[in-house]
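So the sequence shown is numbered by our numbering: it starts at 17 and just counts up by one. Every residue gets a Cβ at the ideal spot worked out from N, C-alpha and C, and that includes glycine. Computed from a predicted structure; not experimentally measured. Working notes for the structure below.
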Amino acid sequence: MGNKSGSGFYLSKSTVAFFTLLFAALFIAFTVFAVLYLRSRTGFCNFAEEEESDKVKPLNCTVVPTPGRQGIWDHYRLPTSLVPINYQLVLWPRFHPESPESTFTGDVNITFQCKNATDVILLHSEQIEVTVVELVRFEIGTEAPQILEVWRSSLYSYLVINLNETLTENSIYVLRISFSGVIGNSTGGFMKMDYEEDGRNLSVITTQMEPTYARTVFPCFDEPSFKATFDIHLIYLPNYVALSNMPKLQNGVIWKVTTFNTTLKMSTYIVACVICEFSHIEMIEHGNEIRIWARKSAIENGEADYALNITGAILRHVMDYLNVSYPLTKTELVAVPEFPASGMENWGLIIFHEDSLLFNYSSDTKEKRRLICSVITHEIGHQWFGNLVTMNWWNQLWLKEGLSSYIENTFPPKLETEMFMVGGHHGSFPSLCIVLEHL
């Protein structure tokens, strides 16, 4: 500080220069911290700046959970502002019987309609890593809003996509997402079940989407009322067979790429895929192809014969009883070792625990036979109650389960006995009557 004068204080040039530099340094530091703070609040997807064009650029991103932000993602039900129309779904599982961990990658194009203007796209995604997100307008020559950020709200397993402007009411858009995940061996989602046959360690890939495991396989509107059609494509090794809800359209060559017919409009919880080295037997009932898939040794021993005969009779009985025709052209029943439910009613591809589908005429009991009949009838009943006619929310679960149980009890015991008498009569199978509960 300088010398005191009669009117106050004065500062020397060196002092002024010092305080000027100090102020400048503080200002720069404040600016840097402010920028870092704002980036930490909003910058979840870093991408290079590009010139504007007619096409929205894909957003390569790392999606992270963001606690504490308030909005429509705080509600456990999806908003009804967006309605899915179709999923173009590609799944590529990488697995090997000897591998301790198997993974999968996928791409999904979700065509949806905007019912009410919104600048937020909300859908379910859990335990999968989203890597690329892109939004385009379905109508050619029109632009879609730009994606500002993509982040995860963990409370209800939402993937939140914030846009720079609102979607246009009644317009149709396509959301393109690339993702990857881990194939587990637990109770739902994409699962790998290992088994041994003829001295070989083998694996079967299967799915269990009910009630809310579809979101662990691909990003989706994972609620029963959000029904849409699905075009499913599976990529896998050539020594395997791929199954899904609908009949296959075509196969690839080196890596098999099986494309399936477009499904009927349906909920995400009955989407199903199986990749296996199984064999099958088949028949045609009222123009509907019925196939039973199981381990090769089980097919050779005739353990699927009873299920094949009884399934045709059950389908015919339910159609006659309800006076409503079966809407699909094929019905496939798959016996999966250690499947976590007695049966799962996926539309056109019903998956069972082996003990709920396979029957050995030489060693299994009458009780086991009747159990198999009951489980098959129950799951076929769901093809109408649950699949064709669907609940809006899970608090109405009792309705579809109750009606399917009712159908289960309408199947005539005399007809079951007749189907048993025309069944197979060879091979052996351990007598196990395990009933695993499912939703």
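DSSP, reduced to helix, strand and coil, places residue 323 within a helical segment of the structure shown.
Burial of residue 169 is indicated by the presence of at least 16 other C-beta atoms within 10 angstroms of its C-beta. For residue 310, the enclosing beta strand (DSSP E) starts and ends at 304-310. Close CB contacts of residue 310 within its chain, under the 8 Å cut and outside five residues either way in sequence, are with 294, 295, 296, 319, 320, 350, 351, 370, 373 and 374 (chain order). The three-state reading of DSSP puts residue 314 in helix, counting H, G and I together. Membership of residue 85 in any beta strand (DSSP E) is not indicated, and neither H nor E is assigned to it by DSSP. Under DSSP, residue 211 shares a beta bridge with 218.
According to the DSSP assignment, residue 301 belongs to the beta strand (DSSP E) that extends over 295-301. Here residue 155 carries a coil assignment [DSSP, helix/strand/coil]. Judged by DSSP in its simplified three-state form, residue 429 adopts helix.
Of the other Cβ atoms in all chains shown, fewer than 16 fall within 10 Å of the Cβ of residue 299; this residue is therefore exposed. Shown here, residue 280 sits in coil according to DSSP, grouped into three states, outside any helix or strand. Residue 384 counts as buried, since at least 16 other C-beta atoms from the protein chains shown sit within 10 angstroms of its C-beta. Residue 301 and residue 342 have their C-alpha atoms roughly 11 Å apart.
Judged by beta-carbon spacing, residue 287 lies beyond the 9 Å limit of residue 357, meaning their Cβ atoms are not closer than that value. Residues of the same chain with a CB within less than 6 Å of the CB of residue 344, apart from the 5 flanking positions on each side, are 364 in chain order.
By the Cβ rule, the segment 154-169 does not count as touching the segment 215-224, because fewer than three pairs are nearer than 8 Å.
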